[in-house]
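Read the structure below first, then the notes.
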Amino acid sequence: VLVILGLQEIHVDPEMIRKISAAGQLMQCSASLDVLFLLDGSYSIGKGSFERSKHFASKLCDALDMHPDRVRVGMIQFSSTPHLEFPLDSYLTKQEVKERIKRTVFRGGSTETGRALKYVLHKGFAGGRNSSVPQVLIIISDGKSQGSTAVPAMQVKKRHITVFAVGIKFPRWEELHVLASEPTEQHVLFAGDADDAANGLYSTLTSSVCSTTTPGCKVESHPCERRTLETVKELAGNYVCWKGSKLPNAVQASLCPFIRWKRVLVKHPSRCFRTVCPDPCDSQPCQNGGTCVPEGLDRYHCLCLLGYGGDVHCATKLSLRCSVDLLFLMDSSAGVTLEGFLRYKAFVRRFLQAVMGQDSPMNVGVAQYADDVRIPIELGQHKDVFSLVKSIDALNFSGGRALTGRALQYIAQHGFRSTPVFADVQDDLPHVVVLLTDSKSQDSVAEATKYLKDQNIFLIGVGSSFMRAELTKVTGNPQQMIVYSDPQDLFNRIPELQRRICSVDNPEGCQAQSLDLAFAVDASSGVGLENFLQLMGFVRSSCLHFIINRDVTQIALVIYGSKAHTVFALDTHTSNSAVLQAIDQAPFLGDSASAGSALLHIYGDIMTMQKGARPGVNKVVVLLTNGGGMGDAAAPAQQLRHNGILVFVVVIGGTRRDTLLRVAGSPNYLVHISSYEDLQYYQDLIIKRICEEAKSPVNLCKPNPCMNQGVCILGPGSYRCECHGWEGAHCESS
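Shown next as structure tokens:
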């Protein structure tokens with residue numbers, strides 16, 4: 001049941017209410033039509049309800065296709081006297097009309113609805129067209145007129161003017177029925193829900209004026225009930241009162257009735273006619289418990305449960321196919337608090353439900369620590385998710401100090417003592433510890449961290465953002481920690497944790513291979529701010545796959561619109577954490593796109609020795625774009641390739657493939673992705689291609705390491721610079 005401020009109820013199920021509201025937001029009448037709003041601006045309405053009437057009138061305008069040849073709109077405000085706010089030919093676009101309605105000022109006065117109707121009869125639809133164009137009068141009032149409305153209302157309707165009576169505040173429905181055209185069930189509405197009222201208005205006009213409806217949509221009749229707030233007299237009882245007497249100086253006692261006034265809701269059963277349209281979610285397209293959310297009449301998206309989302313219909317997304325011995329170590333100290341401990345339990349439970357199938361090749365254990373360390377769930381003790389989750393639910397919070405160093409040392413010594421399946425077969429699976437903590441260690445972790453590395457135990461730290469420095473100290477590597485911004489964000493990190501765990505069995509990134517890598521990111525208006533942020537998120541997560549320092553991987557970031565801007569050069573940052581912080585500061589530009597200017601900028605200002613490029617190190621440019629502004633990019637891309645710099649093009653959306661191939665140089669260096677949401681699924685492929693290039697043979701003279709037009713001359717495993725008017729190993733000194 002839909003209850004609108006308790007004054008209107010449509011007796012249908014919630015799903016039908018949602019369909020009515022959705023259809024109301026999509027209605028659009030584009031016939032030739034003159035619409036005149038008659039707004040009650042009396043004191044019985046009050047300024048607050050008058051503002052709601054204006055809002056409602058503005059919302060109804062969304063359902064009208066305003067144009068000089070189609071729908072025109074005017075407005076009259078009435079109270080003691082009617083006042084023409086604006087005629088129908090004053091504002092001819094929807095935005096102009098809505099802005100003018102917004103500026104309308106409350107006048108106040110008595111409620112003379114009859115006089116307002118006579119004004120309409122006398123003046124007509126000011127600024128309207130001839131009688132061949134249908135006329136619609138929309139009265140928005142509480143129906144509490146201080147004079148008779150029956151005769152002028154009948155005269156208005158005799159002129160073939162369609163009258164809608166819309167109740168506001170606590171409407172008197174009987175008078176609104178007198179004002180409205182027949183059948184009144186289709187011409188009386190309530191302003192409490194603008195989408196519902198817009199649907200009702202459109203549904204009525206469809207049968208007479210707006211003859212075309214969206215295919216599959218139909219008008220349906222539903223039982224509904226409207227209520228009026230009335231003040232009635234009620235006998236509260238008889239009380240002793242004193243009355244005068246004919247006798248001098250005498251009074252007599254008597255029983256007198258006591259009357260009080262009471263406000264009650266009087267019910268008016270009716271029918272409500274509303275348009276409903278086919279719902280794209282009717283076919284239940286979302287799988288595995290996903291929730292379908294409609295977007296208009298023919299589009300939808302699925303909200304998927306954790307562990308699902310492999311495609312738009314919530315196919316299985318996560319699975320821990322890598323073979324590992326996995327042990328969760330949960331902080332149960334006072335610093336985490338009971339709430340935090342319960343959150344970590346829920347996280348581990350959801351993670352295992354998302355990734356652990358019947359044939360999962362991993363062994364799982366769970367430990368908790370504070371002053372002491374316990375392993376209540378031994379590694380491999382449970383082989384099915386149900387019993388494992390049940391054991392996790394039984395874990396209790398302990399409180400105490402956070403002795404993280406001691407806990408890690410204990411786990412390294414005792415956590416992976418699993419019994420082999422066969423006596424002559426040893427368990428040689430990679431060992432992984434996932435540390436869940438939100439409190440700083442109260443003992444030293446350095447020795448324990450070193451011991452874990454010596455034992456080839458891979459440690460992943462998970463904690464809130466203020467734990468970033470602590471987790472870096474504990475894990476020793478930013479790639480081995482996961483930081484969340486708020487409690488809900490923790491659960492969004494499940495796919496990232498799955499990826500981290502499996503990287504032990506299948507190492508990510510280029511590891512110790514040297515590489516100079518530059519990202520060129522389209523920050524133009526064609527991409528838009530929201531999609532730009534997704535591109536930057538991709539760059540950010542890609543950087544986690546590399547060890548960033550002077551000896552291994554150097555990374556530069558360039559953003560571009562019509563011009564290119566260096567966010568940071570190859571030699572600007574020497575750690576993963578510094579690069580990640582700098583990526584977050586990259587601004588959105590929002591102008592036109594020129595990929596060619598970005599590639600020229602990288603050639604002249606990024607991949608140079610002056611800006612940190614290293615001789616003898618492979619160089620890769622990753623261009624992230626929506627395909628716009630690629631017309632000038634082919635020549636600069638060829639120039640980069642001629643100097644030994646690979647250009648890898650990642651394009652999102654539709655663009656001519658021949659243009660993209662000229663920039664990429666080969667199909668092997670072109671990745672075409674249909675949507676920004678799918679970008680994450682191509683990350684492993686792109687990283688793999690980059691790392692293949694990092695391992696290829698290097699031409700020491702490409703790009704030219706010699707400055708000031710010096711000539712690079714290759715030797716066996718080395719090079720030298722032949723300088724002209726300059727000195728130094730690279731012709732750098734005059």
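Each residue of the sequence shown is one higher than the one before, counting from 1 in full-length UniProt numbering.
Think of the CB as a built atom: it goes at the ideal place given N, C-alpha and C, for glycine as much as any other residue.
Proximity of residue i and residue j at Cβ, strictly below 8 Å
i, j, result
"residue 227", "residue 265", "yes"
"residue 169", "residue 45", "yes"
"residue 588", "residue 680", "no"
"residue 373", "residue 435", "no"
"residue 208", "residue 271", "no"
"residue 192", "residue 8", "yes"
"residue 391", "residue 370", "no"
"residue 33", "residue 71", "yes"
"residue 636", "residue 661", "no"
"residue 68", "residue 118", "no"
"residue 135", "residue 127", "no"
"residue 368", "residue 402", "no"
"residue 613", "residue 570", "yes"
"residue 594", "residue 627", "no"
"residue 146", "residue 112", "yes"
"residue 497", "residue 543", "no"
"residue 304", "residue 292", "no"
"residue 672", "residue 651", "yes"
"residue 105", "residue 64", "no"
"residue 260", "residue 231", "no"
Closest by C-alpha distance to residue i, when choosing among the options
i, options, result
"residue 404", "379, 239, 395 and 446", "446"
"residue 139", "187, 8, 720 and 668", "187"
"residue 675", "361, 648 and 312", "312"
"residue 130", "340, 89 and 148", "89"
"residue 37", "101, 95, 92 and 68", "101"
"residue 278", "26, 392, 346 and 525", "26"
"residue 41", "408, 379, 143 and 199", "143"
"residue 562", "598, 623 and 242", "598"
"residue 384", "376, 400, 394 and 362", "362"
"residue 407", "630, 540 and 327", "327"
"residue 154", "167, 625, 146 and 177", "177"
"residue 330", "324, 323 and 338", "338"
"residue 699", "709, 710, 284 and 714", "714"
"residue 461", "348, 471 and 51", "471"
"residue 560", "541, 584, 380 and 524", "524"
Nonlocal neighbours in the same chain, by C-beta distance under 8 Å from residue i, ignoring five residues either side
i, result
"residue 485", "464 and 465"
"residue 558", "518, 519, 520, 521, 564, 565, 566, 567, 598, 601, 602 and 606"
"residue 164", "136, 137, 138, 139, 180, 181, 187, 188, 189, 201 and 204"
7 Å CB neighbourhood of residue i in its chain, flanking five on each side removed
i, result
"residue 515", "553, 617, 618, 620 and 694"
"residue 712", "701, 704, 705, 706, 719 and 721"
"residue 421", "Interpretation of residue 421 is limited by its pLDDT of 43, a score under 50 that renders its predicted location unreliable; no figure is taken from the coordinates."
"residue 2", "At residue 2 the pLDDT is 33, less than 50, meaning the model places this residue with poor confidence and gives no usable figure here."
"residue 727", "733"
"residue 378", "365"
Minimum Cβ-Cβ distance from residue i to chain D less than 8 Å
i, result
"residue 705", "No chain D appears in this structure, which consists of one protein chain only."
Residue i: first and last residue of the uninterrupted alpha helix (DSSP H) it sits in
i, result
"residue 541", "529–543"
"residue 347", "337–355"
"residue 642", "634–642"
Delimiting residues of the beta strand (DSSP E) encompassing residue i
i, result
"residue 173", "It is not in any beta strand (DSSP E) - residue 173 instead sits in the alpha helix (DSSP H) that spans 173–179."
"residue 583", "Segment 576–583 is the alpha helix (DSSP H) holding residue 583; no beta strand (DSSP E) there."
"residue 595", "No beta strand (DSSP E) holds residue 595; the alpha helix (DSSP H) holding it covers 595–605."
"residue 303", "299–303"
"residue 391", "Premise fails: residue 391 lies in the alpha helix (DSSP H), 385–393, not in any beta strand (DSSP E)."
"residue 435", "431–436"
"residue 122", "Note, residue 122: premise wrong, no beta strand (DSSP E); alpha helix (DSSP H) at 113–123."
"residue 720", "718–722"
"residue 735", "Examination of residue 735 is not possible in this model, given that the chain is present from 1 through 734 alone."
Residues near residue i in its chain [Cβ-Cβ closer than 6 Å; skip 5 each side]
i, result
"residue 12", "222"
"residue 508", "Confidence is the limiting factor: at residue 508 the pLDDT is only 49, short of 50, which leaves the residue's position unreliable, though a coordinate-based value still follows. Excluding residues within five positions, the ones whose Cβ falls inside 6 Å are 545."
"residue 643", "702 and 703"
"residue 687", "545"
"residue 526", "593, 626 and 628"
"residue 729", "none"
Check: residue i C-beta below 7 Å from any heavy atom of the ligand ADP
i, result
"residue 530", "Summarising the ligand content, the structure contains no ligands, and the ligand ADP is consequently not present."
Unbroken stretches of the alpha helix (DSSP H), 4 residues or longer, contained in the segment 18–89
The qualifying runs are 46–61.
If we require 4 or more residues per run, which alpha helix (DSSP H) segments fall completely within the segment 155–234?
The segment 155–234 contains these whole alpha helix (DSSP H) runs: 173–179 and 194–206.
Let me know the alpha helix (DSSP H) ranges lying completely inside the segment 444–516, each 4 residues or longer, listed in chain order.
As summarised for the segment 444–516, the continuous alpha helix (DSSP H) elements at least 4 residues long and confined to that stretch are 446–454, 468–475, 487–492 and 494–505, given in chain order.
Which runs of the beta strand (DSSP E), 3 residues or longer, sit entirely within the segment 234–295?
Segments of the beta strand (DSSP E) lying fully in the segment 234–295: 251–276 and 291–295.
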